[in-house]
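Undergrad: Under my numbering, the first residue of the first sequence is numbered 494, with each subsequent residue one higher. Every residue, glycine too, gets a C-beta built ideally from N, C-alpha and C. Just so it is clear, the structure is predicted and the values come from calculations on it, not from any experiment. Here it is: the structure, laid out below.
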Amino acid sequence: MTTRTRIAPSPTGFPHIGTIYQVLIDYAYAHKTGGKFILRLEDTDRARFVEGAEEVIYASLAWFDLLPDESPKIGGPFAPYRQSERLAIYKKYADELISKGHAYYCFCTRERLETMRKDQEAKHQPPMYDKTCMALTPGDVAAKLAAHEPYVVRMKIPEHEKIAFDDIISGHIEFDSDVIDHQVIMKSDGFPTYHFGVVVDDHLMEITHVFRGKEWISSTPKHVLLYKYFGWQMPVHGHLPLILNEDGKGKLSKRHGHASVDYYRKAGYLPEAVLNYLSNIVWNHPEGKEIYDRKEFIEQFEVTAITAQAPRFDLKKLDWVNGQYIRAMQDEDLLARIADFDDRVKQLDKTLLMKTMPLVKERMHLLSDYWSLAAFFFEAPKEFERPLNKELVNVAVNALGECDWSHEKMEQAIRAASDTAKLKARDVFMELRLAVTGKMVGPPLLESLEVLGKDITLGRFQREELDKLL
RNA sequence: GCCCCGUUCGUCUAGCGGCCUAGGACGAUUCCUUCUCAAGGAAUAAAUCGCCGGUUCGAAUCCGGCACGGGGUACCA
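As structure tokens, then:
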């Protein structure tokens, strides 16, 4: 049997980095086993629906190059892949459950449910549906239906039973059926709830492996029951640990800033580095490698080796991983990525850009670092980190004026001139750096000047801004 | 409240009853290199394996209780 995995996002806003982490596992598992990876859109909550969110999901998957084999956009043998377009299917299966006696109509109003819950809370009872409508006779139901009373469909839960399933990551998990609510499976607007839609569609779309966040563990017994009621085989389930905020307080949230996929793109992270990091926080390469490409990850990873504990998100380590990727890249490829990321770089002379690459590459962690490191190659500094020392600058200028333009010669000249003037060479270097780049920190100075050229370098000493400082 | 999952250096983890005086990586510190900052190399510090009991000749590893953390408890997913 071909393995089929799926990601089932709801179009309610920005894609979460946790979703990408799930996609990575789905994608890797499907590709490892020669199966298919499917995207199904769970757009059943019309109140939270966000226009355009679906396109953003595709764009994110494309950025990470984790595109599905089947989706609402490209279709597939199990279309439609949008739940809002499958309403008739859910209705049919809900009816089947009702006729089998596993589900029932419920006409309770939201107001009644709310007062019921408050009541239960006051009595320190677990907030659960009180099964009022389960007692309705077929006659009552028919009358209410004929009167067009709004209704939902609820699933029945057996009493005093153990409901168990085996999670591929956490192992055997058991629940007492008495703690499980008579969950609504069809809402009054004719849309299914997540619990119903997910079971029906995973079955119909022949999903073999369900990887989802651990927040779903508590609802899995409901799904177990649904599979049982229908007589369907339950897919393998693996609940992935939730990624926590850096301080360990709660799951990675928007509040803490780094939850959105968009953040990583805009900050200058490389998608392959983000994926490498993501794979690394819940799983270890058998040889202890920290850096490995996607192909190697797919070959090496085992779902059973995924840890069950919730990791914190460590931005520092991600930065390191990103830096590793940048350093491993060919200059030409890196330049293409930088130009793609930074509009300012697009217009610039490619020959000059290429010459700057070896000088800045090992100083970069993010693509966004390029411009702050290399801007001085393309424009004279507009300001200086501190006032310049005239004496030191003059020593440097005079030395460079009559010097062959290679970094070795420049170094010799400046050191000699410093000695003659009884100055420390390092101070002269620093002043020169400041005068040419405006900053006290940057790529190797003399090699940078070599790239910059004699005319431009010396020209920078004739500028008004500099004169004012001297 | 109730239910479920989890608990090894600051962080991510390795560990599956003796190979553990607990290994690796990020981060930190120091040194080397050096025109700055990085990168690279070397080294150091850092975990009484949440706590308490039990099983065993022997436990980070198995069992029980507790504590703590996370998640769930909707006509949200």
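Out of 708, 779, 808, 788, point me to the one whose CA is closest to residue 799's CA.
TA: Along the first sequence, read from residue 1 onward, the residue named residue 799 stands at position 306. Closest by alpha carbon: 779.
Undergrad: Can you tell me which of the three DSSP states residue 532 falls into?
TA: The sequence position of residue 532 within the first sequence is 39, counting from 1. Residue 532: strand per DSSP, three-state reduction.
Undergrad: Under 8 Å, do residue 767 and residue 808 count as touching if we go by C-beta distance?
TA: On the first sequence, residue 767 is found 274 positions in, with the first residue counted as 1. On the first sequence, residue 808 is found 315 positions in, with the first residue counted as 1. Going by C-beta atoms, residue 767 is not nearer than 8 Å to residue 808.
Undergrad: Kindly indicate the opening and closing residues of the beta strand (DSSP E) around residue 736.
TA: Indexing the first sequence from 1 puts residue 736 at position 243. Run containing residue 736: none; DSSP gives neither H nor E here.
Undergrad: Tell me, please, which residues DSSP counts as bridged to residue 983.
TA: Since the first residue shown for the chain is 494 and the last is 963, residue 983 is missing from the structure and cannot be characterised.
Undergrad: Taking only three categories from DSSP, how would you classify residue 956?
TA: For the purposes of this step, residue 956 is taken as residue 463 along the first sequence, with counting starting at 1. Three-state result, residue 956: coil.
Undergrad: Starting from the Cα of residue 690, find the closest Cα among 887, 671, 715 and give me that residue.
TA: The residue you call residue 690 lines up with position 197 of the first sequence. Closest by alpha carbon: 715.
Undergrad: Inspect the beta-carbon positions of residue 596 and residue 590 and report whether they are closer than 8 Å.
TA: Residue 596 sits at position 103 when you count from the first residue of the first sequence. Residue 590 sits at position 97 when you count from the first residue of the first sequence. Yes; because the gap between Cβ atoms is below 8 Å, this pair is in contact.
Undergrad: Which residue from 885, 889, 843 puts its Cα closest to that of residue 871?
TA: Position 378 of the first sequence holds residue 871. Nearest C-alpha to residue 871: 843.
Undergrad: DSSP on residue 596, reduced to helix/strand/coil?
TA: Translated into positions along the first sequence, residue 596 becomes position 103. The answer is strand: DSSP assigns residue 596 an E or B state.
Undergrad: Kindly indicate the opening and closing residues of the beta strand (DSSP E) around residue 857.
TA: Working through the first sequence from its first residue, we reach residue 857 at position 364. It is not in any beta strand (DSSP E) - residue 857 carries neither H nor E in the DSSP assignment.
Undergrad: Go ahead and label residue 705 buried or exposed: buried means 16 or more other beta carbons lie within 10 angstroms of its beta carbon, across all protein chains shown.
TA: What you label residue 705 is simply residue 212 of the first sequence in a count that begins at 1. Label assigned to residue 705: buried.
Undergrad: Have a look at 895, 738, 928 and flag the residue whose alpha-carbon is nearest the alpha-carbon of residue 886.
TA: Here residue 886 refers to the residue found at position 393 when the first sequence is read from its first residue. Closest by alpha carbon: 928.
Undergrad: Around the C-beta of residue 866, are 16 or more other C-beta atoms found within 10 angstroms, so that it is buried, or is it exposed?
TA: Locating residue 866 in the first sequence gives position 373, counting from the first residue. By the 10 Å Cβ count, residue 866 comes out buried.
Undergrad: Does the region 746-755 come within contact of the region 499-518, defined as at least 3 CB pairs closer than 8 Å?
TA: Yes, they touch.
Undergrad: Where residue 737 and residue 806 are concerned, what is the direct C-alpha to C-alpha distance, given to the nearest angstrom?
TA: Mapped onto the first sequence, residue 737 falls at position 244. Mapped onto the first sequence, residue 806 falls at position 313. The alpha-carbon atoms of residue 737 and residue 806 are separated by roughly 6 Å.
Undergrad: Using only CA atoms, which one of 626, 630, 665 lies nearest to residue 648?
TA: Position 155 of the first sequence, counted from the first residue, corresponds to residue 648. When each option's Cα is compared against that of residue 648, the closest is 626.
Undergrad: If you pair each beta-carbon of the region 690-701 with each one of the region 548-557, do three or more pairs fall below 8 Å?
TA: With the cut-off at 8 Å, the region 690-701 and the region 548-557 do not touch.
Undergrad: Helix, strand or coil for residue 749, going by three-state DSSP, please let me know.
TA: Walking along the first sequence from the start, residue 749 turns up at place 256. Looking at residue 749 - three-state DSSP - the assignment turns out to be helix.
Undergrad: Sort out for me which residues DSSP pairs residue 758 with in a bridge.
TA: The residue you call residue 758 lines up with position 265 of the first sequence. In DSSP, residue 758 forms no bridge with anything.
Undergrad: Within the same chain, show all residues whose beta-carbon is closer than 6 Å to that of residue 518, passing over the 5 residues directly before and after it, in chain order.
TA: Your numbering for residue 518 matches position 25 in the first sequence. Excluding residues within five positions, the ones whose Cβ falls inside 6 Å are 704.
Undergrad: Could you check whether residue 731 and residue 660 sit closer than 8 Å to each other, using their CB atoms as the reference points?
TA: Stepping through the first sequence from its first residue, residue 660 is reached at position 167. Stepping through the first sequence from its first residue, residue 731 is reached at position 238. Taking 8 Å as the Cβ cut-off, residue 660 and residue 731 qualify as a contacting pair.
Undergrad: Is it buried or exposed, residue 499, if we count other Cβ atoms within 10 angstroms and call 16 or more buried?
TA: One-based indexing of the first sequence puts residue 499 at position 6. Counting Cβ neighbours within 10 Å, residue 499 comes out buried, since at least 16 surround it.
Undergrad: From what residue to what residue does the alpha helix (DSSP H) around residue 639 run?
TA: By one-based count along the first sequence, residue 639 stands at place 146. Residue 639 -> alpha helix (DSSP H) spans 631-639.
Undergrad: Can you list, in chain order, the residues of its chain with a C-beta nearer than 6 Å to that of residue 838? Leave out the 5 residues immediately preceding and following it.
TA: Mapped onto the first sequence, residue 838 falls at position 345. Around residue 838: 831, 832.
Undergrad: By how many angstroms is the C-alpha of residue 923 removed from the C-alpha of residue 881?
TA: Residue numbering aside, residue 881 sits at position 388 when the first sequence is read from its first letter. Residue numbering aside, residue 923 sits at position 430 when the first sequence is read from its first letter. In a straight line, the C-alpha of residue 881 is about 10 Å away from that of residue 923.
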